[in-house]
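In this note's numbering, the protein residues as written are 73 to 230.
The beta carbon of each residue, even a glycine, is placed where N, CA and C say it ideally should be.
In this text the structure is predicted, and so the values were computed from the model without any measurement.
See below for the structure under consideration.
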Ligand SMILES: [Fe+2]
């Protein structure tokens with residue numbers, strides 16, 4: 073998705089009653105407690121990624137859907153506003169610079185390494201190995217399986 077569109081979408085993001093109903097049928101108390109820690113625009117994004125997988129691929133399997141819900145959960149380790157996210161996305165075009173700046177800006181460190189942090193938090197929540205594996209690899213340049221390819225597509229479009 074266009075980065076500028078993504079920024080404005082993030083600024084307007086809302087969560088609705090029906091989203092919580094969906095989550096309550098699907099997540100246990102601990103999972104829900106962690107999901108609530110995400111900023112509202114990341115909650116919206118994670119839900120939309122999950123809905124995309126259901127609508128486009130008819131996914132019912134909980135591992136992939138939970139991976140969609142928690143793929144960016146590592147970002148709760150820093151306060152990453154839509155503006156900071158936009159900065160991080162720009163710096164990511166220059167990996168050496170992004171690496172260097174990580175030392176000075178904690179949010180960049182979290183953003184740049186969020187797959188690793190997300191996997192750690194999924195483990196803390198008690199999610200299974202399959203979910204942790206999908207989450208850990210959700211930005212791999214060469215995705216190793218179909219589920220990761222689908223998640224990347226859903227992530228990109230939402
Ligand atoms: Fe991500």
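### Query
What separation, rounded to the nearest whole angstrom, lies between the Cα atoms of residue 88 and residue 172?
39 Å
### Message
Starting from residue 166, trace the alpha helix (DSSP H) in both directions and tell me its first and last residue.
### Response
Element bounds for residue 166: n/a, residue is neither H nor E.
### Message
Helix, strand or coil for residue 117? Go by DSSP, reduced to three states.
### Response
helix
### DSSP-derived helix/strand/coil call for residue 178
helix
### Task
In the DSSP assignment, find the alpha helix (DSSP H) that holds residue 131 and state where it starts and stops.
Segment: none, residue 131 is in no alpha helix (DSSP H) and carries neither H nor E.
### Distance between beta carbons of residue 101 and residue 202, contact taken as under 8 Å
With a Cβ gap of about 21 Å, residue 202 and residue 101 do not count as contacting.
### Task
Determine the direct distance from the alpha carbon of residue 228 to that of residue 80, and round the result to whole angstroms.
16 Å
### Task
Check each candidate in 94, 153 and 144 and name the one with the smallest Cα separation from residue 126.
94
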